[in-house]
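What follows is a single structure, written as structure tokens, with notes after it.
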Amino acid sequence: MKQFKEITPYQLEANPFALFNKDWGLVTAGDKESFNTMTVSWGGVGILWNKPVAFTFIRPQRYTIKFTEAREYSSICFFEEDFRAALRLCGSKSGREVDKVKETGLTPAFTDEGVPYFEEAKLVLICKKLYAQDFNEQSALDDLVRKNYSGDDYHRMYISEIVRILRAE
Ligand SMILES: Cc1cc2nc3c(=O)[nH]c(=O)nc-3n(C[C@H](O)[C@H](O)[C@H](O)COP(=O)(O)O)c2cc1C
């Protein structure tokens, strides 16, 4: 079993822009009996309400949203380049149709609180939801925003406290 070391937000050396937009991440939520994971590349980390937080944006048609809505916790996992194919699959197939664990060969693991993540990750953010809100057309201030929503499928924004950061040893 892979060893992870818990680090503080200040010990995180990885560039968060690269983590999301180049490496891509997997947002995973659920429990041992039932969970789902999907690829994300829009998101970020920062400070809000005096807490380290992660921002994720999930469209309403994603199967994963059923799990992020139902659970207080979720994880965001980042991987080495070898896992690109797995991330492509998790970002193009829905958990409604395929068993992503079976298809990718990724190994689920669970924190003491039962939050699912993957053993192969190089970095894991364990996140606790603090705030969720759906984007909407009225709040969009630029066509750059609107043109992303031709299907009227405005993202749901989650702001989550990062309660733990695990880095592969
Ligand atoms: C590189 C990449 C990044 C993505 N980022 C997001 C994202 O930030 N938010 C989102 O809602 N969907 C994003 N997607 C799309 C979902 O990962 C994709 O629709 C996935 O199949 C949903 O799976 P699910 O239905 O099992 O939840 C991304 C896909 C890829 C390939």
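In this note's numbering, the protein residues as written are 126 to 294. Beta carbons are placed, not taken as given, at the ideal position from N, Cα and C, and that holds for glycine. Computed from a predicted model, the values in this text were never measured in an experiment.
| message | Quick check on the burial criterion: 16 or more other C-beta atoms within 10 angstroms. Buried or exposed for Val240? | response | For Val240, the number of other beta carbons within 10 angstroms of its own is at least 16, and it is reported as buried.
| said: Pairs of beta-carbons, one from the stretch 263-272 and one from the stretch 170-187, closer than 8 Å: are there three or more? | reply: Under the three-pair Cβ rule at 8 Å, the stretch 263-272 does not count as touching the stretch 170-187.
| Can you give the Cα-Cα distance for Cys202 and Leu250, rounded to whole angstroms? | Cys202 and Leu250: Cα-Cα distance of roughly 6 Å.
| request: Pick helix, strand or coil for Lys176, following the three-state DSSP scheme. | output: Three-state DSSP puts Lys176 in a strand.
| said: In chain order, what are the residue ranges of uninterrupted beta strand (DSSP E) at least 3 long that sit wholly in the stretch 130-198? | reply: If we require 3 residues or more, the beta strand (DSSP E) runs fully inside the stretch 130-198 come out as 150-155, 160-165, 168-173, 176-183.
| task | Thinking Ser200 and Thr229 are a contact (beta carbons under 8 Å), I'd like their distance in whole angstroms, please. | result | With a Cβ gap of about 15 Å, Ser200 and Thr229 do not count as contacting.
| Exposure of Ser264, with buried meaning 16 or more beta-carbon neighbours within 10 Å | Ser264 is exposed by the Cβ-count criterion.
| field | Near ligand 2: Thr193 beta-carbon under 7 Å from a heavy atom | value | This structure simply doesn't include ligand 2; it includes ligand 1 instead.
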